Amino acid sequence: MPPEPLADDGTPCIADRDALMAMDYWTFDQDPAGSQAVYGKPGCELIGADLIRDYHAALREKGEPVTHTFPQGTITFGETGEITGLYWHEGQIRAFEGQTENAKSLFRKFIDADRNSIASNRHYALATIAFLDSDKDALLMKRAALAAVVPEDNINLGVVDGLIACFDRPYKDAYGAVECDRRPGRQSVTP
């Protein structure tokens, strides 16, 4: 058995894989104790992406509805274990880490698997792919398409504006560097 991957600080990337794999979807994806606890550790980013991939594969293998009950009611995220958001989150991590082709493939799966065909999600994903393809014209076209279907203060529109503002930078920077950030309510610094 290969040694457990370690974070930059020498601690294991994954303390208890079985516990993570047993989590319900919402906890795994959204709770800081879920997948974020892995990919958030410096040096464990790609281990976290692999964990998301494996978790998603296990959900699809089960083939059961994936739901979560909120105070307002129960939401079904997927009827057969197919969760579009897991493609997106794995893809983002891979894009942050320079695995551009893998990321684009996952973003396309996100688009293809989006059963609701939400136009704003599609335009946002295609804008992200255009950025990763270094295609500024396509990025600007997808930004215009996104702006036509979301309010001006939409967080994803702000992300796309950051990708445009820092078009010559790596995705990780264009998405998250302070000087690139155009998301509503955040203070950006002009590069």
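In this note's numbering, the protein residues as written are 2 to 192.
Yeah, the Cβ is synthetic: ideal placement off N, Cα and C, and Gly gets one too.
Note that this is a predicted model, so its numbers are computed, not measured.
> Which residues in the same chain as A131 place their Cβ atom closer than 6 Å to its Cβ, once the five residues preceding and following it in sequence are excluded?
Replying inline: A139, L140 and K143
> What residues are listed by DSSP as bridge partners for G79?
Replying inline: V67
> How would you label S1, buried or exposed, when you count the other beta carbons within 10 angstroms and need 16 or more for buried?
Replying inline: Past the edges of the chain, shown from 2 to 192, lies residue 1, and the structure says nothing about it.
> What residue ranges within the segment 4-36 form continuous alpha helix (DSSP H) runs of no fewer than 4 residues, ordered along the chain?
Replying inline: 18-23 and 26-31
> Excluding the five sequence neighbours on either side, which residues of its own chain have a C-beta within less than 8 Å of the C-beta of N103, listed in chain order?
Replying inline: G92 and R95
> Rounded to the nearest angstrom, how far is the Cβ of A128 from that of L87, given a contact under 8 Å?
Replying inline: Their Cβ separation, rounded to whole angstroms, is 20 Å, which puts A128 and L87 out of contact at 8 Å.
> I160 lies in the alpha helix (DSSP H); which residues open and close that run?
Replying inline: Position check: residue 160 holds Val in this sequence, whereas Ile was assumed. First-last of the alpha helix (DSSP H) with V160: I156 to A166.
>> Measuring CB atoms only, is the segment 35-48 touching the segment 57-73, in the sense that at least three cross pairs come out at less than 8 Å?
In response: no
> Taking C-alpha atoms, which residue in A16, E153, A145 and L147 lies nearest to G186?
Replying inline: E153
>> Taking a contact to mean a Cβ-Cβ separation below 8 Å, would you say I76 touches L60 in this structure?
In response: no
> Short check: CB of A20 to CB of K42, under 8 Å?
Replying inline: no
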